[in-house]
Amino acid sequence: MTEHIESAVAASIVAKYYPDNTPLRTILVTHSQSVARMAMDVARRHPELAADETFLYEAAILHDIGIFRCNAPGICCTGTEPYIRHGILGAELLRAEGLPRHARVAERHTGTGITVEAIRQQGLPLPLRDYSPETIEEQIVCYADKFFSKTHLERERTPQQVLQSLAKFGPESVARMQQWMSLFS
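Just add 47 to the spot in the sequence shown (first one is 1) and you have my numbering.
In structure tokens form, the structure reads like this:
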């Protein structure tokens, strides 16, 4: 897949944190473009949702901007932080870039959102806050992200595969995704 980011804002931020011609940049951009394509398809098929398409596209491209700070060698990430923190790490970067709405998408896209209760019960290394997607754009990016992994860039998961992958996070995650599948399909 050739890299072309259709937003100067998103392209400049990706370029700032991910050098050209690195495997990690390829992984990030390929994954993010897949998520953006699906998110834009949802928005265009559902004008009644009134999603801000420019923001939606940028947020989809930038939702994983914090992965380089994580320790995830399987996707060429050589940072020191646990991967579960990539959303909040990306949110910090995006807030520093003056993009608070984009930051909210980054911090709320993990799983189908992470609650304070889940953080406590699972002992997750996250600040005690609710990270559930609220706005329609947050929900669409979170939904689209579940269909694409960063380890199998060439594949799109089926709805059944997505639901199976979420089952380990409990019935609430599966139910939330089923609601989105009904709303966005």
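The beta carbon of each residue, even a glycine, is placed where N, CA and C say it ideally should be.
Query raised in the report: Based on Cα-Cα distance, which residue from 98, 195 and 136 lies nearest to residue 82?
Result: 195
Query - Segment limits, alpha helix (DSSP H) that includes residue 157 - result: Unbroken run through residue 157: none, as it is neither H nor E.
Query raised in the report: If residue 60 sits next to residue 103, beta carbons under 8 Å apart, how far is it from one beta carbon to the other, in whole angstroms?
Result: Their Cβ separation, rounded to whole angstroms, is 16 Å, which puts residue 60 and residue 103 out of contact at 8 Å.
Requested in this report: May I ask you to list the residues that DSSP assigns as paired with residue 128?
Outcome: For residue 128, which the question treats as bridged, DSSP gives the partners 117.
**Report entry** residue 133 - containing alpha helix (DSSP H), residue span
**Finding:** 133-143
Query raised in the report: What whole-angstrom Cβ distance do residue 64 and residue 140 have, given they're in contact under 8 Å?
Result: Correct: roughly 7 Å between the Cβ atoms.
**Report entry** Whether residue 8 touches residue 166 by CB criterion (7 Å)
**Finding:** There is no way to answer for residue 8, as the model of the chain reaches only from 48 to 232.
Query raised in the report: Do residue 188 and residue 90 have their CB atoms nearer than 7 Å?
Result: no
Query raised in the report: With a CB to CB cut of under 6 Å and the five nearest residues on each side skipped, what residues in its chain are close to residue 48?
Result: Annotation note: pLDDT 47 at residue 48 (below 50); position unreliable, no value reported.
Query raised in the report: Would the segment 220-228 and the segment 128-137 be scored as touching if the rule is three or more Cβ pairs under 8 Å?
Result: no
Query raised in the report: Is residue 160 buried or exposed, if buried means 16 or more other CB atoms sit within 10 Å of its CB?
Result: buried
Query raised in the report: With distances taken from CA atoms, which of 113, 118, 54 and 50 is nearest residue 68?
Result: 50
Requested in this report: Name the residue from 230, 120, 145 and 216 whose alpha carbon lies nearest to the alpha carbon of residue 162.
Outcome: 216
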